[in-house]
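Q: One structure is given below, represented as structure tokens, and several questions about it will come after.
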Amino acid sequence: MIALAGSLAAAASSAAAPTAAAPSSLSSSLSTSFHSSLTSSLTSVAASTTSTGEAVQFWILGTVAVLGALGTILMKRAVHSALCLAGTMIVLAVFYLANGAYFLGVVQVVVYTGAIMMLFLFVVMLVGVTAADSLKETIKGQRWLAALCGVGFGVLLIAGIGHASLNSFNGLGQANAGGNVQGLAALIFTKYVFAFEITGALLITAAVGAMVLTHRERTERLKTQRELAQERVRAGVQLPPLPAPGVYARHNAVDIAGLLPDGTPSELTVNKTLKGRGQIRDVSNEAIADLRALEQRSNERLGRAGRAGGGAGRPGGGPAGGSAGGSAGGSVRDKGEEIKR
Amino acid sequence: MSFPLLTATAALPALGAIATAAVPAARRTAAKWLALLFSLGTLALAVVALVRFEPGGARYQLTESHAWIAEFGVRYELGVDGIGVSLLALTALLVPFVILAGWHDADPLEDARPNRRWRPTQGFFALILAVEAMVILSFEATDVFLFYILFEAMLIPMYFLIGGFGDRAAPAQFAAKAAGAGDEAAATQRSYAAVKFLLYNLAGGLIMLAAVIGLYVVAGTFSLTEIAEARANGSLSMATNTERLLFLGFFFAFAVKAPLWPLHTWLPNAMGEATAPVAVLITAVVDKVGTFAMLRFCLQLFPEASKWATPAILVLALISIVYGALLAVGQRDMKRLIAYASISHFGFIIMGIFAMTSQGQSGATLYMINHGISTAALMLVAGFLISRRGSRLIADYGGVQKVAPVLAGTFLIGGLATLSLPGLSPFVSEFLVLVGTFSRYPVIGVIATLGIVLAALYVLVLYQRTMTGPVKAEIRTMPDLRVRELVVVAPLIALLLFLGVYPKPLTQIVDPAVEHTLSDVQKTDPKPEVEAAR
Amino acid sequence: MENLIAPLIAAPLLGAAVLLCGGRRLDRAGHWIGTVLAGASFVIGVLLFADLLGRGAEDRTLHQHLFSWIPVGSFRADIAFQLDQLSMTFVLLITGVGTLIHIYSIGYMEHDERRRRFFGYLNLFLAAMLLLVLADNYLLLYMGWEGVGLASYLLIGFWQHKPSAATAAKKAFLVNRVGDLGLSIAIMLMFTTFGTFAFGPVLGAAGDASEGKLTAIGLMLLLAACGKSAQVPLQSWLGDAMEGPTPVSALIHAATMVTAGVYLITRSGAIFNGAPDAQLVVVVVGAVTLLFGAIVGCAKDDIKKALAGSTMSQIGYMILAAGLGPIGYVFAIMHLVTHGFFKAGLFLGAGSVMHGMNDEVDMRKYGGLRKYMPVTFVTFGLGYLAIIGFPGLSGFFSKDKIIEAAFAKGGTEGWILGGVALLGAAITAFYMTRVMLMTFFGEERWRGRETASPAEPSAEPAAEERGRHAEPHPHESPKSMTIPMVVLAFGSVFAGGLFSFGDSFVRWLEPVTGYAHGHPPISAAAVTTATVVALVIGVAVAWLMYGRVPVPVTAPRGSLLTRAARRDLLQDDFNHVVLVRGGEHLTRSLVYVDHTLVDGVVNGTAASFGGLSGRLRKLQNGYARSYAVTMFGGTAVLIAATLLMRAV
Amino acid sequence: MNPVYYLYLASLLFTIGAAGVLIRRNAIVLFMCVELMLNACNLAFVTFARMHGNLDGQIIAFFTMVVAAAEVVVGLAIIVSVFRSRHSASVDDASLMKL
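Protein chains in written order, with our numbering: chain A, 551 to 891; chain B, 117 to 650; chain C, 196 to 843; chain D, 124 to 222.
Put into structure tokens, the structure is as follows:
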């Protein structure tokens, strides 16, 4: 519902925008460097009225920001959400710049989009990048209540802003006269010095806190190599190295299971991950087919007609051996089919 | 500036509480002595206050006044009139006995694991002193807000005293039941009683808080003296309904504390489950704050509403008297019996207050004091008895006077005081209350007199069942009163006798205060018929 | 001399204090301390009496004001004493008989290990009783009034290990409390009517008060008197009170305390004089009790209970006389005094018999004892003759006057009252003769019998040491017991004559109580003759029933009236069914109501809050998002509210 | 264009963020939504700064960023440790707050 309302609003605003829209250097500043946009908008942003260029920029980027926000909350995978959010944040950085907060704009890009979002992505990776959330709601009535509250809240907020008399605009011309960074610095180190100090302390505390929270105390002695080895033997799992993949010398790719003497592929020879992904190729049937073709050709050459399905790879084998080979070949095929299924 | 005597009377026990609580775990006995010392010091200060108080002087004496929460006009204002100072003295008097009587009540059990942090004894005595400090200060407070805070705050130590310390299991040879499951059930009962006490009183206090705020809105100050003065000279008038609502808000809290029927049911539980000294603290000291506050706050602040509510309150008081006495007759647990007797007596006190005659109110004030002493005597002796056998059930006793004549004798005197035998001090007050009520409301006075007969019934039945008859096998080796116990009981009995024959020192102090109160409500004693005819 | 009044009370009070607080150290000397202090009190009384005699008739009132007791507003009660002729009479009776009974008790209680305490209680009683009669206001009188009640309670229940004694003591105190209710209401009424309750102002101003108020006061005083003096309907305790040691029965439940009601009514004569309706009720109560006690006395086999019935009946005479107004007050007091002598003598005699009979109280197990205890026989016999009104002895003079005064009431009432009094005299003669015959004459029914069988528990626990189940060996009592009996016998014989000699008693009391000579419709001589005839009839019938034929050891079933009389005319059963059972049911149901209803409402409130919280608790589902919704909604509401406020 | 539109945008973003907090279960996404809300606030602050012609609003926004950084650090640490013990990043799994 919210998403609907949001997109509707965005659509409406973008529909209304074209009257004022005109391509300008500002819109291109998005793709070019921040610096150029910064210098070009210095005068216009500081004024109490906004330029047409800013309006165009607002409507276009605003739409992007809203879509990014919606993406953040609607994407199934956390990593997608993070990327959408990063987009919104960059848009916001541009808006900061447009509003004369040059320092904040840069900080937004460097710190937020650069550092914090990376942190998010890092944690997402840690938790499992491929895991997709189910968007099915489990708490009864939660979604309805959320929608109701969200719409109500948004409407009220917008109504409140619309209701407020916000017509006087002073602009930042005067405040930014000595440079935005200098102006902020003057305030931070005078009026807000205590708050600044305290946020410093807060950051330190947060850093320490994060370390404490994620640190795992070792509760037992580190095991020696010998102990590990003994454990392994006791557990009775595969002691020697695992068999290599590949079938004789015909295939040596890691995605092909080696064949056991009876022609069945061995699970041990392939990587679990590949198996989980379903990327293992089974070549046992192919090999048997090749053998059969080879045998047939040699039979034809030697004039031994009427003998189909001879013992593959067993030159000099008798008819009994040949039939045995054929039946063995059939069983291998079955096995192969089984594996494929 | 003169020495702040009143503050000192409250500060000393408060200091004592802190000091006692700070005593290390191993030095239990030192904590006891420290608590006793502090309570005796408080008593000495109270006596000084009593001496320095001039009966004929200003209404409030020994006053102190300091700004406290200036934003709301809350002041730390103290002062005592005759009623306040005598109740102060009562409190200061009773607490040393309570401490002495509870000397071993909070000793850690022998089989308990030694633990350096665990200090029940220190806690017990510190809590008692804390209660004393708050009660004393509430008798002195002339600022409504200050009083309210104390009125509520004293619930906290009382809660822990009731919930944390119960009757001890008796020595094995006297034990009525095997320990174990019984202990656990007792603990459950006790915490139920404590919670009930707390919630009941908090509910009352909450309503009072609303009324206190309302009073501030109406009067613009919390100072009792200022409001009373403004009411008297007419510069502060309240709408009738406002006054009535405020009055009810105050009265409800006091009626819970007092306790008045039908708000009484917490008292039997609390007194039954608490140890005898704590029960004495409840009924003889803490509950007096309720009746005292009716006299000081309800009547002074809301004279018209008080008069308006008088008939209803008198009827409730009358029900309390008869109902409490009848229920006392029907009890099987001696502590609960005493509790119901107390309910009956509180009915008398409230009746005396609202009879609006000088006899009634003087009688009520004396009643508070005498009831404190007599109940203390009876309850403490009952406690000694219970500590010997480990049972509160009347049926578990019989023939005690044969094995422990001194105990039985003191018990009888306590009982006789409870039934208001002439010659013992409760008679004086009870008769004054009855006369005071009778002279204005004859029918109510006559019915209330029934309480005399019922009191005799429950006291004598209790005495007969526990003390007389063949000696039960379980108590054949029960020891008589020990020296410490005798030291507790003997002065109380002496006081009962003395005040029964010569209550004049007390009436002299109380009388002027009562006259003031009566003039607040603009009531005069009815004239006798013959004099009126002349 | 007035300064001697306080010591009069103080002496026994001191004795009580010393003996009760003194502990076991005083066990050996305790009884002597008690007796000496009682004697001292008597000596002071005699001194004061001598002083009074030395004064003019109108000047014989002494006052002593000690201190102000309860001064509250207009309510003034003082510790102050008033000694006039009426009080003096009582003082002499109380201290005199009291001292004798102290002496008697030395021997009687010799084997009791708690004798010291017994004497303490006796002294306490003396002090309280003296306070009662010497008080100068009703409130102080009330203090004495309850004080004697307490002493009586302690003494009846002296053998507390016996459940019956403890119950009897409790019953006595409770019934007395009902009476005390009357006294306290009377005092309150006096306060609201007169503004005071001191004797002087109240009695002086009695005429100014309305008759309604006076009647109310009078009736309340009568209720008090009924309680203390065991008059119908509050008489039930007296019979049970015989559970106490016999000296107690003699002193408290015969000679002094039970007559306090008569004192109260006589003292308040001015009030009753102004309230004829109250007086009528008084005489009715007196007359009814007179017959009631006499009938009960006829049926009892327990010697002490028979005497108790007699006491009740005799006090009925006194109350009757006191209710007659000025024509009767003096005779009420005179009968009181003479009764004090002979009834105390009779009780002491009974005690002596029991002492010699291993504490057997059942007269059917006596018989022919005159040979074995001659002194007891003679003194008891003189007392017997006095009580039945044998011409020339004390009882004759006082009872005759009362009967005369009853006739003098005039009209139908006078005839009825006189008739009742005469009938009472006849019955008195009957039951006393019965007692006499069953105890001292006839076969020796105690031969070969165990005494104090378990069915009839021994009154005196000391019996255990004296051989409980052996056949009794009747013997005369020690000197300390017989001497008081002899002295009292002298009193029973001569007191009446002394008092009547030249109307000395009338003139002595007249200034206090007032006196009007009654004019009976028939001549005084005729009344006397009728009295004597009634006496003879009563004695004759008794002899026919108990003297001529042997007395069966086990009581025959008897007529309906006999059986009822044995059960105190069913009054106890009534009390039991209506008051005790009813009260039990009431308290039990009230306990239930308190638990379920009153406390139920409280706990129900708590439970409903608990239930509500249980519902609300479900909102606490633990899901952070759910809480967040609530928070978010709350914020929305807040914004809405802010906007609304701005809009308004 | 009136700069008030920035405020509208800010409130829209804030509401979207809040709705996200309410409907998503993944703690990481939830945190992102919180970040979104904080950013919306920052936009409003910056706009206010421009309206009032002083830099105080920017300072607040700056502080908000710092606090947000701190919060993210701690929050993510918590998520990681919860994930370690429960093998889930769903906030609904941590529902021990109920009675």
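Ideal Cβ placement from N, Cα and C applies to all residues, glycine included.
Does the beta carbon of C/M840 sit closer than 9 Å to a beta carbon anywhere in chain B?
A: No, its Cβ sits nowhere closer than 9 Å to a Cβ of chain B.
Q: Roughly how many angstroms separate the alpha carbons of D/G143 and D/C156, rounded to a whole number?
A: Distance between the alpha carbons of D/G143 and D/C156: 6 Å.
Q: With 16 as the cutoff for other CB atoms within 10 Å, does A/E850 come out buried or exposed?
A: Exposed, because fewer than 16 other Cβ atoms sit within 10 Å of the Cβ of A/E850.
Q: In chain C, what lies closer than 8 Å to D/L161 by C-beta?
A: The contacting residues do not exist; D/L161 stays about 15 Å from chain C at best.
Q: Using a Cβ distance threshold of 8 Å, determine whether the region 407-427 of chain B contacts the region 357-366 of chain B, with at least three qualifying pairs required.
A: Cβ pair count under 8 Å is three or more, so yes.
Q: Near C/V615, what residues of its chain come up, given a Cβ to Cβ distance below 6 Å and the 5 sequence neighbours on each side ignored?
A: Correct list, in chain order: A482.
Q: Measuring CA to CA, which of D/T170, D/R147, D/L153 is closest to A/L642?
A: The shortest C-alpha separation from A/L642 is found at D/T170.
Q: Can you give me, in chain order, the residues of the region 814-829 of chain C that have a beta carbon less than 7 Å from any beta carbon in chain D?
A: Per Cβ criterion, the list reads Q815, N816, G817, Y818, A819, R820, A823, V824, F827.
Q: Is the Cβ of A/H713 closer than 9 Å to any Cβ of chain C?
A: It does; some Cβ of chain C falls within 9 Å.
Q: So that I know if they touch, is there some Cβ in chain A lying closer than 9 Å to that of D/R209?
A: Not one chain A Cβ lies under 9 Å of D/R209.
Q: Along the chain, where does the alpha helix (DSSP H) containing B/S181 start, and where does it finish?
A: Here B/S181 belongs to no alpha helix (DSSP H); instead the beta strand (DSSP E) covers 177-185.
Q: Please state the DSSP three-state secondary structure of C/D497.
A: Three-state result, C/D497: strand.
Q: Can the beta-carbon of B/T407 be found less than 9 Å from the beta-carbon of B/F368?
A: It is not a contact, given that the beta carbons lie outside the stated cut-off.
Q: In the DSSP assignment, find the alpha helix (DSSP H) that holds B/S652 and state where it starts and stops.
A: Nothing can be reported for residue 652 of chain B, as the shown portion of chain B is limited to 117 through 650.
Q: With three or more C-beta pairs closer than 8 Å as the rule, is the region 252-266 of chain B touching the region 300-318 of chain B?
A: Output reads no: the region 252-266 of chain B does not touch the region 300-318 of chain B.
Q: Determine the DSSP secondary structure at C/I274, reduced to helix, strand or coil.
A: It is a strand residue.
Q: When the Cα atoms are used, what is the spatial distance from B/A493 to B/M274?
A: Whole-angstrom Cα-Cα distance: 20 Å.
Q: Under 8 Å by Cβ, that's how I've got A/A619 and D/L136 pegged, so tell me the actual separation to the nearest angstrom.
A: With 8 Å as the limit, A/A619 and D/L136 qualify as a contact, their Cβ atoms being about 5 Å apart.
Q: When you compare the region 680-688 of chain C with the region 556-574 of chain C, are there three or more beta-carbon pairs, one atom per stretch, that lie closer than 8 Å?
A: Contact between the region 680-688 of chain C and the region 556-574 of chain C is present, because at least three Cβ pairs lie under 8 Å.
Q: On the DSSP letters alone, give me the boundaries of the alpha helix (DSSP H) that C/L543 sits inside.
A: C/L543 -> alpha helix (DSSP H) spans 524-551.
Q: Would you say the region 605-622 of chain C touches the region 560-567 of chain C, given that touching needs at least three Cβ pairs under 8 Å?
A: No, because fewer than three Cβ pairs between the region 605-622 of chain C and the region 560-567 of chain C fall closer than 8 Å, the two stretches do not touch.
Q: According to the neighbour-count rule (16 or more other Cβ atoms, all chains shown, within 10 Å of its Cβ), is A/M625 buried or exposed?
A: Buried: at least 16 other Cβ atoms inside 10 Å.
Q: Using 9 Å as the threshold, is the C-beta distance between B/P427 and B/R556 below it?
A: No, these two residues do not count as a Cβ contact at 9 Å.
Q: In angstroms with no decimal places, state the Cα-to-Cα distance between C/T387 and C/W432.
A: So the alpha carbons of these two residues sit roughly 32 Å apart.
Q: I want to see whether chain C comes within less than 9 Å of B/A286, judged by CB atoms only; does it?
A: Any answer about B/A286 is weak, because its pLDDT of 47 lies below 50 and its placement is not dependable; what the coordinates show is given next. No, no contact with chain C.
Q: Grab me the residues of B/L121's own chain with a C-beta within less than 6 Å of its C-beta, minus the 5 sequence neighbours each way, in chain order.
A: Cβ neighbours of B/L121 beyond the five flanking positions: A165, L178.
Q: The beta strand (DSSP E) with A/E781 in it runs from where to where?
A: That residue, A/E781, is in no beta strand (DSSP E); its alpha helix (DSSP H) goes 775-785.
Q: So, using beta-carbon positions, are A/S631 and D/I151 closer together than 9 Å?
A: In contact: A/S631 and D/I151 (Cβ atoms closer than 9 Å).
Q: Of all Cβ atoms in chain C, is any one closer than 9 Å to the Cβ of D/S218?
A: Cβ-Cβ to chain C under 9 Å: yes for D/S218.
Q: Taking the continuous alpha helix (DSSP H) assigned at A/Q732, which residues delimit it?
A: It spans 730-738 - the alpha helix (DSSP H) in which A/Q732 sits, taken as one unbroken run.
Q: Is there a Cβ of chain A sitting closer than 9 Å to that of C/T837, yes or no?
A: Chain A, which has a Cβ nearer than 9 Å to the Cβ of C/T837, makes this yes.
Q: Apart from the five residues just before and just after C/I583, which ones in its own chain have a Cβ nearer than 6 Å to its Cβ?
A: Counting only Cβ-Cβ distances below 6 Å, and skipping sequence neighbours, we find T623, A624, M627, L730.
Q: Pull up the DSSP beta-bridge partners for C/R820, would you.
A: Partner(s): none; C/R820 has no beta bridge.
Q: Run through the DSSP bridge pairs and tell me what C/A330 is partnered with.
A: The partner list for C/A330 (beta bridge, DSSP) reads C/F276.
Q: Got a sec: which bits of the region 696-708 of chain A sit with their beta carbon under 7 Å from any beta carbon on chain C, in order along the chain?
A: Against chain C - using a Cβ distance shorter than 7 Å - the residues of the region 696-708 of chain A are A696, C699, G702, F703, L706, L707.
Q: For A/C634, which of A/A785, A/F670, A/L654, A/F739 has the nearest alpha-carbon?
A: It is A/F670 whose Cα lies nearest to the Cα of A/C634.
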